[in-house]
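Below is one structure; the comments refer to it alone.
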Amino acid sequence: MIDYHGKHVLITGAASGIGQGLARAFAERGASLCLLDRDRAALAALADELALHGEVSAAALDLGDSSAIAAFVAAGGDRPLDVLINNAGVEYATPLEDADAEADARWQALLDNNVASMLRLTRALLPRLQPGSSVINQASIWGLKGVPGFSAYVASKHAVIGLTRSLAWELGPRRVRVNAVCPGWIGTEAALRSLRVMAASNGRSEAQELAQVLAAQAVPELLTPADLAGTFLFLGSPLAAPLTGQALSVSHGEVMH
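Below, the structure written as structure tokens:
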């Protein structure tokens, strides 16, 4: 078992879904946690739960607000950060034929949420990323393929992988590793909402759409947040010391590369 006692781990988008599962996994292995999310109530409840395992701090933070990020980082002092998990993001459909007046704004907002926020926070925390630390960016198998109707989300996840590879080169001389995880279909609220949109677009029931999704996987099962934890625990640890600039597909075999 990988031990995180004495290690400081920061997770964004920690209050629900994958982020919540990762927070529990790192807490159970002794990590000192800093949890960020915009949902203040859910974040506080999770922090109270995980405090049974050790040190936990939590901050309700909008990663689109550079001044708020600067204030948060300044309040944290110069404590070294061992693992930064850029998990926060949003997922919704952006069909090309959408002629709504707000369509362009929704497209741009998704990219800002999913990509620019990672850059803002990583840049602000750079002084705390010491040699041997690990940055893990949340991507998606949709960052490795095309999907109709979700161009902004797909583009954002392609961009996360590109950002990851560029930062791996920039931070490599500091001995800071940067990798991305590309989850497949996982039973979170956001993913299942997208499944319903796809089903409606394809003229299928939700059950029929799910059957199509699972048929494309070598292991025909939905992932859970707990299924992803091992990959993040590994990437954040010295066991993954040779790995940087990688985009690891965790998809039950839907994407093999």
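First residue of the sequence shown: 1, per UniProt numbering; consecutive thereafter.
Idealized CB from N, CA, C, for every residue including glycine.
The structure displayed is predicted, hence computed values, not measured ones.
First and last residue of the uninterrupted beta strand (DSSP E) at residue i
i   : result
S57 : V56 to A60
G76 : Premise fails: G76 is in no beta strand (DSSP E) and is neither H nor E.
As assigned by DSSP and simplified to three states, the class of residue i
i    : result
T12  : strand
L222 : coil
R40  : helix
D3   : coil
N202 : helix
A180 : strand
L81  : strand
A247 : strand
L192 : helix
S66  : helix
L228 : helix
L33  : strand
Selection from the options that minimises the alpha carbon distance to residue i
i    : options                   : result
L111 : D100, E91 and L243        : E91
L214 : A45, T231 and I186        : I186
M118 : A31, V160 and N179        : V160
L35  : I11, P238 and A27         : I11
L222 : S237, V250 and D39        : V250
G143 : E170, R123, P127 and V115 : V115
A103 : H5, D37 and A152          : A152
L248 : N86, G64 and Q138         : Q138
S201 : L33, V147, A41 and L50    : V147
Q108 : V135, F150 and G13        : F150
I2   : S134, A25 and D62         : A25
L96  : R174, A155, R177 and A168 : A155
S57  : P127, L126 and A15        : A15
F234 : R204, V181, L210 and A124 : V181
L50  : S67, V176, D65 and A31    : A31
H5   : S133, H53, T231 and F72   : H53
G64  : I141, R40, L121 and L125  : L121
H257 : E55, K145, A211 and G203  : K145
L33  : P131, R40, D39 and D48    : D48
N-terminal and C-terminal residue of the alpha helix (DSSP H) that residue i is part of
i   : result
L22 : G17 to E28
For residue j and residue i, believed in contact at Cβ under 8 Å, the rounded distance
i           : j    : result
N179        : L84  : Incorrect: roughly 11 Å between the Cβ atoms, too far for contact.
G245        : R165 : 5 Å
S194        : A105 : At roughly 20 Å, the Cβ-Cβ gap does not stay under 8 Å, so S194 and A105 are not in contact.
D82         : K7   : 4 Å
A226        : G19  : Contact doesn't hold; Cβ gap of about 13 Å is too wide.
A190        : G13  : A190 to G13, Cβ: 10 Å. No contact.
P183        : L228 : 6 Å
residue 281 : Q208 : No answer is possible for residue 281: it lies beyond the span of the chain, which begins at 1 and ends at 257.
G236        : V9   : 7 Å
Uninterrupted beta strand (DSSP E) stretches inside the stretch 95–174 (no shorter than 3 residues) = 129–138
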